[in-house]
Structure formats: structure tokens, C-alpha cells
Amino acid sequence: MSKQNLVMKVTDVPMLEMANGKFRDVFQITDETFGPGTKISAGQVWLAPGNTEGHVDVHDQDEAFYIISGRAQYYADGELIDVEPGDTVYCPAGTEHTFYTGDEMLHIFWLIAGEWSTDLADIKEEVGDWVEVDGTTGWHLG
111 MSKQNLVMKV TDVPMLEMAN GKFRDVFQIT DETFGPGTKI SAGQVWLAPG
161 NTEGHVDVHD QDEAFYIISG RAQYYADGEL IDVEPGDTVY CPAGTEHTFY
211 TGDEMLHIFW LIAGEWSTDL ADIKEEVGDW VEVDGTTGWH LG
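If you read the sequence shown in the numbering used here, its first letter stands for residue 111, the second for the next number, and so on.
Quick look at the structure:
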């Protein structure tokens, strides 16, 4: 694989949006983008201001989040923790988690270690009623 092929731009992959229109996600590292046997999944997520519904997740793998921009509350197994740009969040496997935004959009880089849904078709099935949207336009561009 050439070094050029080791970079996946956010515009190179589909952007999915939750049915409520307040949550956008891209999956940049998957088996589909870097080939079979990929040992991690990674991407970026944007949560609109006022996102209090949350999309509660629980994974069988460890996950990490890096807060790129915005302030929010991180929910982990019933506890709320304030997060801000520059913070890194470790989420152990089996932890129920989500983010709640206030009046700012939240932009996060996420990474899931180990075997997870690294195939984009499986990811789309797992997230359910999310739809593919044009990632070059929209509220997430701030």
C-alpha cells in the first residue's frame, strides 16, 4: 500500500445522519476503506447544538474520543462529565455512553479498537434508520 493510500479524507467516505437530524457520523477507517483485516475503526462525529436525546451506545470493544471542538457532557453509565476541546475520553468495553450538547456543536474524533463493525454495510445496518447525506453542506460545517 502506498503512503498516499494511508490517508482517508472526510470527503472520501459517506456521511450518515441520524433520523432526528442532530447527529452526523463518518467512518474513515474500515475494512472497506483500508482492506480486510483492519484492526480498528475510526472516524468523526458531529452533534448539533441542543442534542439532549443522545444516541446511547454500548460496544464490546474499548473506544476513545478526542474532542476537536465544542463543549458538552459525556454520559457514561449514569454519570455526566463535562468535556471540552483537547480532552480525550476513554470508554471501556461494555460502557453505556453518549454526549449531550448545550448551545455549541460538538466535533469528535472516535476510535474503536479490535474487531467491530469494520465493514460499512454492517455499520449502516447497525445504525438503522440513519440516512446518507451530502457531507459537503450542512450545519456540521459550523
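No residue lacks a Cβ here, since even glycine has one placed at the ideal position from N, Cα and C.
Computed from a predicted structure; not experimentally measured.
Closest by CA to Asp213, which one among Glu242, Asp187, Gly145 and Gly252? The shortest C-alpha to C-alpha distance from Asp213 to any of Glu242, Asp187, Gly145 and Gly252 is the one to Gly252.
Are the Cβ atoms of Val243 and Met118 separated by less than 9 Å? Met118 is positioned such that its CB atom lies no closer than 9 Å to that of Val243.
For Thr198, which residues does DSSP report across the bridge? Answer by DSSP bridge pairing, in chain order: Tyr176.
Report all residues from its chain with a CB closer than 7 Å to the CB of Gly147; omit the five preceding and five following residues, and keep chain order. For Gly147, there are no CB contacts under 7 Å within the same chain when 5 residues up- and downstream are skipped.
For Phe209 versus Tyr184, is the C-beta distance shorter than 9 Å? Yes, the Cβ-Cβ distance between Phe209 and Tyr184 is below 9 Å.
What three-state label does DSSP hand His250 in the structure shown? If DSSP states are grouped into helix, strand and coil, His250 belongs with the helices.
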